[in-house]
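Have a look at the structure below, then the notes.
In full-length UniProt numbering, the protein residues as written are 1 to 384.
Next comes the structure, spelled out in structure tokens:
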């Protein structure tokens, strides 16, 4: 580190120490003043002691009450001059003037400067001994006064500069966070547009083809009309959920089209589409499922949907599934069991999403082979 860097580091540490322990710094100022006053304490112990006892507390008050502490000091200095007692030898008055310059208002500084010049002039020309060097002495006193004022103003300016830097740093940090949030929002909007353009387009094509197939099968009185109609309805439902999710992603949309999240009642619409896809499903319930909160119902719906999707993908032909929901004592148990031949690795697709949803409600997910098939067993807790 360079010499200048070391000096700056020492100044910073000294200022930090002064802010944390101001009484130590004030004591360091008071000690030399008391040492200069020792001759007066010996010659005039009573008056000098009284002046010291009044001046020293004012020295410790100067940070919080700069102008009152200065006025007290100026009064004591005037009385000392009348009694020919030189406690502090005028140095403490300059220290107080420095305090007003560094911490007081500009009006207070103007008054304190005028009072200091008046006291020093009176002491030199009216109360001091008659000498031929009064002008030189006055110039010296005025120079010290100007130095005290300039030092205080410099400290005030530096303090204001540091406060301005801290404020600017805080504002820059806020602006940086705002830019980061705007960047995230732009990225979310971009992803939403991409998803809408890619996924939405292909699902719309599927729905259109399914609707066309329904019309054709109906005109020919074929039995494929109903499965095609289910495909179209499922595609439209997927498009609706996709638009709702993308509306949330696009924070710039003032009024995204939101629809209620699916719940347990919506399983009555999910299961027919699964059966139409070729997977026989039985469904049974027990307990007061309709009293469950909307969040728990959504989790149940998504877990059943994911489990049946895995069965469709990996259970193989001639498989069937059974869905069982049971609610009791603030808990709901979801069991989806199939008799397919899917491998554990294949059937584990989607388990991560199930575990994340279950964890939101203090739940546990158990999934694995069960007899000749696969079992997904989830227990969710109703929030209290």
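We put the beta carbon where it would ideally sit given N, CA and C, even for glycine.
* So, are the CB atoms of residue 317 and residue 375 less than 8 angstroms apart? -> Cβ atoms of residue 317 and residue 375: not closer than 8 angstroms.
* Asked: Given that a residue counts as buried once 16 or more other Cβ atoms are within 10 Å of its Cβ, and exposed if not, what is residue 372?
  -> Its Cβ having fewer than 16 others within 10 Å, residue 372 is exposed.
* **Closest Cα partner of residue 267 within the set 284, 278, 277** => 284
* Asked: Does the count of Cβ pairs from the stretch 105–116 and the stretch 135–153 closer than 8 angstroms reach three?
  -> yes
* Identify the continuous alpha helix (DSSP H) that holds residue 361 and give its terminal residues. => No alpha helix (DSSP H) holds residue 361; DSSP gives it neither H nor E.
* **Outcome for residue 255 when other beta-carbon atoms lying within 10 angstroms are tallied against a minimum of 16** => Note that residue 255 scores a pLDDT of 47, beneath 50, so its modelled location is shaky; the value from the coordinates is reported in the next line. Burial call: exposed.
* **Extent of the continuous beta strand (DSSP E) run through residue 331** => 331–338
* Bridge partners - residue 369, DSSP secondary structure assignment -> DSSP, once it has assigned bridges, lists 374 as partnering residue 369.
* To do: Determine, using beta carbons only, whether residue 163 comes closer than 8 angstroms to chain D.
  => Chain labels in this structure do not include chain D; a single protein chain is all it has.
* N-terminal and C-terminal residue of the beta strand (DSSP E) that residue 325 is part of -> 321–328
* Decide yes or no for the touch test of the stretch 204–215 against the stretch 224–234: beta carbon pairs closer than 8 angstroms, at least 3 of them. => Verdict: yes, contact present.
* Beta-carbon proximity of residue 332 to residue 308, cut-off 8 angstroms -> no
* **Residue(s) in a DSSP beta bridge with residue 282** => In the DSSP output, where bridge partners are listed per residue, residue 282 has 322.
* **Rounded separation between residue 288 and residue 171 - CA only** => 54 angstroms
* Helix, strand or coil: which one does DSSP assign to residue 292? -> coil
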